[in-house]
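Residue numbers (UniProt numbering): 1 to 407.
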């Protein structure tokens, strides 16, 4: 997170969301980057090069208040649909129905967009890179990665974006928030498609999955990783060994382990003023299948038009908020928002302070347990995931309903 202290700009790496916007847009190459073994990039502003323009501060998504007062009331006003690619191969090989890839590829190929700024596969770590692609370049489905469960700085290449009429960006909420003001100056119409994201993971999460597969991952050495695809919810394949997704990420997701610190202060997992948000159908909404679906949150008329323009390639079924409510797992989002002041070290009530401290203790305990102990049978990890979450007991469903006046 870029802060301004005594008229100087500094980076507080404890809150950095790893979007890469500040480095990508710095006009004087004044921000250095050092890659840690866990995949986190540590940033530093070089005073001897900094011209004090404030660009890095202005674009940083982490120093903005990205949360809503009552997320339940906020999201129930939106429109929703189930969607999936009509091409069965794309649907099967993608993370969750192939909607994101179809919007990118068919949107560009059919002139709905003149250019896109998206993640494209790469041969070097983190094996993807933020890339500007216009109609003359062309894009194939296989160019676009599935979900990525390790840190990446998508916005490093923003300066390569040319001026066009219609531009698309697809990314996580922080990546879009960091890039949007710059991109608005590079086009007449910017379409923003957010990938629903509650927590990005450090590379330690992938190292743990590799451990489950009796292989290893070292950031200094080449490795292969495929996250998702082959049905829903899919598989994770590391160094040609694979595991069902639900077994591979259960500890990291359910116990919130190896979370990028900056993610803990983001309260809008579906994006801030975007056109579409694309979500996995979690919460028991959809069952394991050879073919996935995407739950789409339609947040603007522009987003609705994009889906309509692509109806030859995407199957769409309208849904009510009541039908898809469980997908959000709202209790978890509400707890996350409540704890943002704790992670920002602000003054808070004792109950929230207690919940935050317990959350930290639980995080350290489980990480030490699964990292230090030799690989255990998958059944043991499954049992650990079912141990009651003390944070959730303190910030109970009853407490949340009372706080947010939910019936």
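Cβ coordinates follow ideal geometry from the N, Cα and C atoms, glycine included.
In this structure residue 93 does not touch residue 280 by the C-beta definition: roughly 15 Å separates them, more than the 8 Å allowed. Nearest in C-alpha terms to residue 122, of all of 23, 143, 106, 89, is 143. Taking residue 310 as reference, the option from 113, 163, 345 with the minimal CA-CA separation is 113. The Cβ atoms of residue 77 and residue 211 lie no closer than 7 Å to each other. By the neighbour-count criterion, in which a residue is buried when 16 or more other Cβ atoms sit within 10 angstroms of its Cβ, residue 177 is buried. Closest by C-alpha distance to residue 283, out of 328, 307, 320, 260, is 328. A contact between stretches requires three or more CB pairs, one per stretch, nearer than 8 Å, and the stretch 132-146 fails this requirement with the stretch 190-203. Following the DSSP letters along the chain, one finds residue 118 inside the beta strand (DSSP E) bounded by residues 115-121. By the 16-neighbour rule on beta-carbons within 10 angstroms, residue 7 is exposed. Residue range 187-195 is occupied by the beta strand (DSSP E) that includes residue 190. Ranked by Cα distance from residue 181, the first of 56, 401, 340 is 56. Across the set 246, 314, 34, 161, the C-alpha of 314 shows the shortest separation from the C-alpha of residue 89. In the three-state scheme derived from DSSP, where H, G and I count as helix and E and B as strand, residue 213 is classed as coil. With respect to residue 227, residue 161 sits apart: the two C-beta atoms are not nearer than 7 Å. Annotation: residue 173 to residue 296 spans about 15 Å, alpha carbon to alpha carbon.
For the 7 Å CB-CB criterion, residue 125 and residue 201 do not form a contact. The Cβ atoms of residue 285 and residue 326 sit closer than 7 Å to each other.
Minimum Cα-Cα distance from residue 370 among the listed residues 239, 318, 209, 66 corresponds to 209. Residue state for residue 399 is assigned as helix, using DSSP reduced to three classes.
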